[in-house]
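Undergrad:
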Amino acid sequence: ESQLQAYLTKPQLRFNLDYLKWWKARADRFPILSNLARKYLCIPATSANSERTFFTAGNIVTPKRSLFPENVNMLVFLYQNRSMYTCQE
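Going by my numbering, the first residue of the sequence shown is number 5, and it counts up by one from there.
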């Protein structure tokens with residue numbers, strides 16, 4: 005069973021829960037999802053990340069390369085999270 009499938013079978017979390025603590029407590033069961041949650045639930049106090057995202061998207065979308073917006077979003081997400089996965093040959 006994948007981490008995502010296992011997570012989706014869990015009951016919905018309470019609204020007033022400390023989500024960072026919840027993910028930290030379950031990092032052994034959901035290591036990849038826990039890393040993603042900790043990364044995206046922490047809001048940075050700077051605009052550097054958003055500027056970096058626009059820079060990355062600008063390198064993906066070029067006049068010679070037309071992509072659907074959803075594909076651009078997926079490519080940017082994969083690029084920004086490339087340290088979390090490994091390629092298998």
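Don't be surprised by glycine CBs; every beta carbon is placed ideally from N, CA and C. All values reported here derive from a predicted model rather than from experimental measurement.
(1) With distances taken Cα to Cα, identify the nearest neighbour of Gln84 among Lys25, Asp32, Ala61.
(2) For Ser6, tell me which candidate among Phe72, Trp26, Ile36 has the shortest Cα-Cα distance.
(3) Is it true that the region 70-90 meets the region 19-28, where meeting means three or more beta-carbon pairs spaced less than 8 Å apart?
(4) Measure from the alpha carbon of Thr13 to the alpha carbon of each residue in Arg56, Thr90, Met88, Phe34, then state which is nearest.
(5) Is it right to say Ser87 is buried, meaning 16 or more other beta carbons lie within 10 angstroms of its own, or is it exposed?
(6) For Ser38, count neighbouring C-beta atoms within 10 Å of its own C-beta (all shown protein chains included) and say buried if the count is 16 or more, exposed if not.
(7) Between which two residues does the alpha helix (DSSP H) containing Ala31 stretch?
(8) Please list the terminal residues of the continuous alpha helix (DSSP H) segment that includes Met88.
(9) Would you mind sorting Ala41 into buried or exposed? The rule is 16 or more other CB atoms within 10 Å of its CB.
TA: Considering the structure as presented:
(1) When each option's Cα is compared against that of Gln84, the closest is Ala61.
(2) Among Phe72, Trp26, Ile36, the Cα nearest to that of Ser6 is on Ile36.
(3) The region 70-90 makes no contact with the region 19-28: fewer than 3 CB pairs, one atom from each, lie closer than 8 Å.
(4) Nearest in C-alpha terms to Thr13, of all of Arg56, Thr90, Met88, Phe34, is Phe34.
(5) Ser87 is exposed by the Cβ-count criterion.
(6) Under this definition Ser38 is a buried residue.
(7) Per DSSP, Ala31 lies in no alpha helix (DSSP H) and is assigned neither H nor E.
(8) Membership of Met88 in any alpha helix (DSSP H) is not indicated, and neither H nor E is assigned to it by DSSP.
(9) Buried, because 16 or more other Cβ atoms sit within 10 Å of the Cβ of Ala41.
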